[in-house]
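Student: Residue numbers (our numbering): 19 to 658. Beta carbons: idealized from backbone N, C-alpha and C, even for Gly. Below is the structure I would like to discuss, written out as structure tokens.
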Amino acid sequence: MTQPRVDRTLLALIGVTLLALLTRLWNLGGRVFHWDEGRVGYWTLRYAETGEFSYAPIIHGPFIPLVNGAVFDTLGASDVTARLVVAIIGGLVPLSVWLFRKHLHDTEVVIAGALLGFNPLLIYYSRFMRNDVLVAGFTLVALGFAVRVLDTRQIRYGYPSVAFLALSLTTKANTLLYLLCFGGAAVLLVDQRLVRRASAEPVQEILREWAGATLDEVKRVGGGTHPFARVTAHLVGMAVVFTTIIVAFYSPRPFVYEALDQPSQWANLLRVSTIGAATELWDLWITGGMQGNPYFEYLYAKLDTLANTAAVVVGFAVIGFLVDGYTGQPRAATTPTAADGSGELPANTVDGTSPPDQPSGSHDGPDSRDPDATARETQETDSGAQFQWLRDIVNAGAIEDTSGSRLFVAFATYWGLASVIGYPVATDILAPWSAVHIVVPLVFPAAVGLAWVVETGIVALDSRDGVSLALAGIVLLVAIGGVAVPAATYWNTADPGNDAIIQYSQPHNEVRGLTDDIAAVAAGNEGPDVMFVGTNLPGRGETFYLENESVANQQPAAGGWYDRLPLPWYLEQAGAEPVSVPPDTSAADVAAEAPPVVIAHVDDRERLEPHLDGYTSHEYTMRQDDFRVVVFTDRTVISE
């Protein structure tokens with residue numbers, strides 16, 4: 019019995035993915051926690067301890083708290099385990115390119131995977147306990163499975179598509195922005211096709227043809243004698259999958275477990291986890307005044323991040339878009355195969371038969387077309403000719419029009435452009451992580467551009483064109499350096515001056531010395547371990563002080579608690595007991611009640627230091643450029 023041939027392109031993509039995973043997992047706990055990681059991490063620890071959790075839109079979706087709660091129960095809580103899920107998912111994102119293989123050449127598939135695997139921005143925020151890489155990865159996979167529905171006419175791919183879309187929505191509301199960008203890109207594609215055909219045909223006639231073609235494809239997918247009923251049944255099934263995932267994540271804990279045993283509560287459970295969660299999201303992020311920032315300042319910040327971390331992606335995306343759309347480069351279409359890569363024809367999902375005009379082939383690559391299948395595709399029937407545009411979307415691999423452009427490459431470019439324009443409006447703070455959502459779509463046209471340079475070099479080598487070969491080699495070396503150098507520079511950094519990739523609430527890595535001291539104190543001390551000395555700072559108000567430490571157990575906490583971040587995460591891990599004193603507390607009273615570690619704003623150093631005999635002092639920078647604290651430590655307690 020002949021064994022199925024292993025696809026070399028898939029093997030290469032798997033190799034890229036394994037290297038991407040290794041890059042993300044190596045020294046994962048090396049960087050001290052960011053302010054935002056500390057906030058979400060602390061409340062995740064509280065959930066793991068109490069079992070109580072409810073959706074709070076200020077920390078985005080419930081995915082990380084709920085999943086990390088299970089991780090902490092299994093592996094324990096640490097900087098490594100807190101980032102582990104994001105790192106693994108971020109490392110697996112390159113595999114998602116395989117879903118788009120029918121619209122990319124083999125070289126482009128591997129290059130796109132490599133760009134997703136080794137872009138410096140994507141590496142950095144895959145090693146960060148935040149949702150941005152998660153929402154980008156899940157939404158990309160959802161889109162990929164939706165594309166597979168069109169490529170294969172197998173509606174079963176719709177189920178993983180809606181499942182990953184739902185997972186994306188459990189991470190962050192950015193999913194809605196992705197859908198808006200998809201819509202904008204689709205409108206531009208439709209407009210492009212209308213403009214190009216309207217010169218020869220009336221627009222109304224074109225739209226009628228497209229509507230008819232859409233109905234025709236629904237019938238093909240549905241099969242049997244009642245295709246619309248069958249398709250509707252599948253859509254209902256997908257809606258059930260989507261809703262189940264949303265309810266599972268957005269339901270409050272432990273209410274969800276109680277409600278499952280009481281059918282009378284199911285309607286209430288559904289309402290709370292859907293309409294209730296959506297209302298909270300709307301009230302905070304849509305009508306809560308979280309936007310309204312200066313557009314051009316935020317746009318400049320995004321462009322600065324892209325220039326420093328994704329110049330190769332952006333530059334080659336422009337080249338790829340132009341090469342694919344305007345140079346008339348020959349782009350052979352590819353043939354669809356079975357999802358397992360075996361080369362067998364994909365069957366109709368309902369009746370198990372192959373679609374009548376679907377070609378056969380052993381590989382999705384561009385050089386494997388069956389001549390007979392090619393001939394069949396070029397035959398025009400009375401009904402087929404008028405629906406050719408939409409049939410091309412469903413049947414063709416590297417989709418062409420008269421200029422040689424592929425719809426998916428153009429779609430990804432427009433999606434990226436929409437993200438560049440839209441994200442400065444949608445973001446509430448200056449943060450490099452939002453540029454992740456611009457880089458991901460631009461990877462695809464960038465892969466086309468880089469593949470074109472590679473192909474140019476190969477042609478030059480074959481023809482012994484030394485000048486062209488040298489130019490292609492130089493361009494590729496610059497591209498490799500443009501990825502490798504910033505990736506090595508930013509990989510695990512918390513150093514000041516790297517604000518193109520580091521958000522300003524990242525403490526310096528020297529804070530690790532403080533967290534180690536706190537853990538050592540908590541291990542052997544009885545009673546309070548850490549004291550925060552309250553103070554009033556211009557623009558911040560009351561800092562550090564909490565009248566009751568328990569107010570931090572549920573979000574949102576009192577304002578003074580946020581100034582402590584990310585230290586509450588480390589205090590909770592170590593089992594350290596914190597206390598605080600109000601701003602008007604005298605230095606003598608602070609000294610009288612001082613536990614082994616006293617933390618104050620650096621402005622209070624001169625008034626406190628003379629009273630804390632036997633304590634050593636050290637200053638730490640808790641943000642990138644400001645907010646320094648002084649820490650007084652009783653070293654005798656640590657040495658004991």
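Express the C-alpha separation of Ile456 and Leu435 in angstroms, rounding to a whole number.
Tutor: Using only the alpha carbons, I get a separation of about 8 Å.
Student: Pop quiz: Tyr142 and Tyr522 are said to be a contact at Cβ under 8 Å. What is the actual Cβ separation, rounded to whole angstroms?
Tutor: Contact doesn't hold; Cβ gap of about 15 Å is too wide.
Student: Would you mind listing the alpha helix (DSSP H) stretches within the region 238 to 297 that are 4+ residues and don't spill past its ends, in chain order?
Tutor: If we require 4 residues or more, the alpha helix (DSSP H) runs fully inside the region 238 to 297 come out as 245 to 268, 273 to 278 and 284 to 289.
Student: Does His615 pass the burial test, meaning 16 or more other C-beta atoms within 10 Å, or should it be called exposed?
Tutor: Residue 615 is actually Val in this sequence, not His. Buried.
Student: Please give the ranges of any alpha helix (DSSP H) in the region 417 to 501, keeping only runs that are unbroken, at least 4 residues long and fully inside the region.
Tutor: Qualifying alpha helix (DSSP H) stretches, in chain order: 425 to 444 and 454 to 480.
Student: One question on the structure: do Asp150 and Gln309 come within less than 8 Å of each other, judged by their Cβ atoms?
Tutor: Cβ distance not < 8 Å, so Asp150 and Gln309 don't count as in contact.
Student: At what residues does the alpha helix (DSSP H) containing Ile519 begin and finish?
Tutor: Note, Ile519: premise wrong, no alpha helix (DSSP H); not H, not E.
Student: Kindly indicate the opening and closing residues of the beta strand (DSSP E) around Tyr638.
Tutor: Element bounds for Tyr638: Tyr633 to Thr639.
Student: Mark Asp209 as exposed unless 16 or more other C-beta atoms lie within 10 angstroms of its C-beta, in which case mark it buried.
Tutor: Exposed, since its Cβ has fewer than 16 Cβ neighbours within 10 Å.
Student: With respect to the alpha helix (DSSP H) encompassing Ile107, which residues constitute its N-terminal and C-terminal limits?
Tutor: Run containing Ile107: Asp97 to Leu110, per the alpha helix (DSSP H) assignment.
Student: Label Ser423 either buried or exposed according to how many other C-beta atoms from any shown protein chain fall within 10 Å of its C-beta, with 16 as the threshold for buried.
Tutor: Looking at its Cβ environment, which holds 16 or more other Cβ atoms inside 10 Å, Ser423 is buried.
Student: Among His629, Val477 and Thr157, which one has its Cα closest to the Cα of Gly491?
Tutor: The shortest Cα separation from Gly491 among His629, Val477 and Thr157 belongs to Val477.
Student: Cβ atoms of Pro112 and Val34: under 8 Å apart, would you say?
Tutor: Yes, the pair counts as a contact, with Cβ atoms nearer than the cut-off.
Student: Find out if the Cβ-Cβ distance for the pair Ile337, Gly176 is shorter than 8 Å.
Tutor: In this structure, Gly176 does not lie closer than 8 Å to Ile337 by Cβ.
Student: What whole-angstrom Cβ distance do Arg148 and Val104 have, given they're in contact under 8 Å?
Tutor: The pair is a contact, with the Cβ atoms about 7 Å apart (cut-off 8 Å).
Student: Take the Cβ of Phe645 as the centre, count every other Cβ of all protein chains shown within 10 Å, and call the residue buried at 16 or more, exposed below.
Tutor: Classification of Phe645: buried, given that the 10 Å Cβ count is 16 or more.
Student: Can you confirm whether the region 493 to 505 touches the region 607 to 614 when touching is taken to mean that 3 or more C-beta pairs between the two stretches lie within less than 8 Å?
Tutor: As far as the Cβ criterion goes, the region 607 to 614 does not touch the region 493 to 505, which means the pair count is below three.
Student: Leaving out five residues on either side along the sequence, give the residues of the same chain with a beta carbon under 7 Å from the beta carbon of Ala203.
Tutor: Cβ within range, chain order: Phe429, Tyr432, Trp433 and Ala436.
Student: If you follow the beta strand (DSSP E) that Ala618 is part of, which residue opens it and which one closes it?
Tutor: Here the beta strand (DSSP E) through Ala618 covers Val615 to His619.
Student: Is the beta carbon of Gly56 sitting closer than 8 Å to the one on Pro450?
Tutor: No, they are not a contact pair.
Student: Just how far apart, CA to CA, sit Leu197 and Ile263?
Tutor: Going by the C-alpha atoms only, they are around 18 Å apart.
Student: Let me confirm a value: Thr651 is counted as buried when at least 16 other C-beta atoms fall within 10 Å, else exposed. Which label applies?
Tutor: Its Cβ being crowded by 16 or more others within 10 Å, Thr651 is buried.
Student: For the region 70 to 80 against the region 118 to 127, do three or more pairs of beta-carbon atoms, one drawn from each stretch, fall closer than 8 Å, so that the two count as touching?
Tutor: Cβ pair count under 8 Å is below three, so no.
Student: Among Val472, Ala502 and Tyr441, which one has its Cα closest to the Cα of Leu489?
Tutor: If we check each option's Cα against that of Leu489, Val472 comes out closest.
Student: State yes or no: is the C-beta of Val89 within less than 8 Å of the C-beta of Leu102?
Tutor: Taking 8 Å as the Cβ cut-off, Val89 and Leu102 qualify as a contacting pair.
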